[in-house]
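Residue numbers (the numbering used here): 1 to 199.
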């Protein structure tokens with residue numbers, strides 16, 4: 001009986017407390033809600049000429065890179081841990097006219113967006129401060145693009161039923177991309193330097 005009570009106490013009280021502490025101290029979380037509206041309001045569009053991706057001779061090379069991030073740990077089924085994850089996918093695009101690298105970045109987007117983006121001319125939405133920042137635009141520190149429009153060609157981009165599929169980034173997805181990146185991907189130090197310096 002004592003072992004059963006100990007299990008209940010551990011599963012219902014102690015484990016949740018441990019997970020709360022883990023989430024607080026070990027999972028990166030910035031206050032992206034505080035910057036979401038001004039970030040979007042201070043954005044503009046640039047033309048991105050996305051080249052056709054030619055697969056190189058590097059094994060497993062791909063035009064789109066995926067990364068998975070744990071955004072929380074939670075109790076599940078009386079004491080077994082469960083984790084909630086998000087998937088970031090991105091593609092680097094080099095603009096030889098301005099000698100800058102851009103990174104089209106999407107979270108948890110599971111459709112043919114990346115295939116349709118390839119070999120295309122689109123409009124990417126970026127923050128004006130990022131565009132003006134001389135430290136950004138390199139391959140190591142590309143300018144982030146969280147919204148893209150203009151992928152569709154109404155003459156050819158139709159499914160079997162003749163219906164146009166819209167791959168332009170919705171406002172909801174745009175906000176989600178910004179929120180997820182600055183909440184969980186950007187380090188706390190970078191976030192403070194970028195958004196809280198001088199406050």
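Every residue, glycine too, gets a C-beta built ideally from N, C-alpha and C.
Between the CA atoms of residue j and residue i - distance to the nearest angstrom
i           : j           : result
residue 40  : residue 127 : 7 Å
residue 119 : residue 53  : 7 Å
residue 70  : residue 84  : 6 Å
residue 23  : residue 72  : Legend: pLDDT at residue 23 = 49, less than 50; position of this residue unreliable, no value from coordinates given.
residue 287 : residue 168 : Missing from the structure shown is residue 287; the chain here goes from 1 to 199 and no further.
residue 51  : residue 93  : 8 Å
residue 182 : residue 112 : 25 Å
residue 43  : residue 171 : 13 Å
residue 134 : residue 90  : 22 Å
residue 150 : residue 144 : 18 Å
residue 195 : residue 140 : 20 Å
residue 107 : residue 38  : 21 Å
residue 49  : residue 175 : 24 Å
residue 201 : residue 177 : The chain is shown only over 1 to 199; residue 201 falls outside these bounds and no answer can be derived.
residue 9   : residue 28  : Only weak support exists for where residue 9 lies, its pLDDT of 48 falling under 50; the coordinates are left without a value.
residue 99  : residue 129 : 17 Å
residue 132 : residue 152 : 29 Å
Span of the alpha helix (DSSP H), counted from its first residue to its last, around residue i
i           : result
residue 28  : Careful: residue 28 lies outside any alpha helix (DSSP H) and carries neither H nor E.
residue 180 : 171-180
residue 196 : Neither: residue 196 is in no alpha helix (DSSP H) and is coded neither H nor E.
Proximity of residue i and residue j at Cβ, strictly below 8 Å
i           : j           : result
residue 103 : residue 63  : no
residue 86  : residue 180 : yes
residue 124 : residue 190 : no
residue 186 : residue 33  : no
residue 117 : residue 173 : no
residue 101 : residue 137 : yes
residue 47  : residue 115 : no
Where the beta strand (DSSP E) through residue i begins and ends
i           : result
residue 45  : 43-50
residue 143 : 143-145
Requested in this report: Within the segment 71-139, note down every full beta strand (DSSP E) run reaching 3 residues or more, in order along the chain.
Outcome: 80-95, 100-107, 120-127
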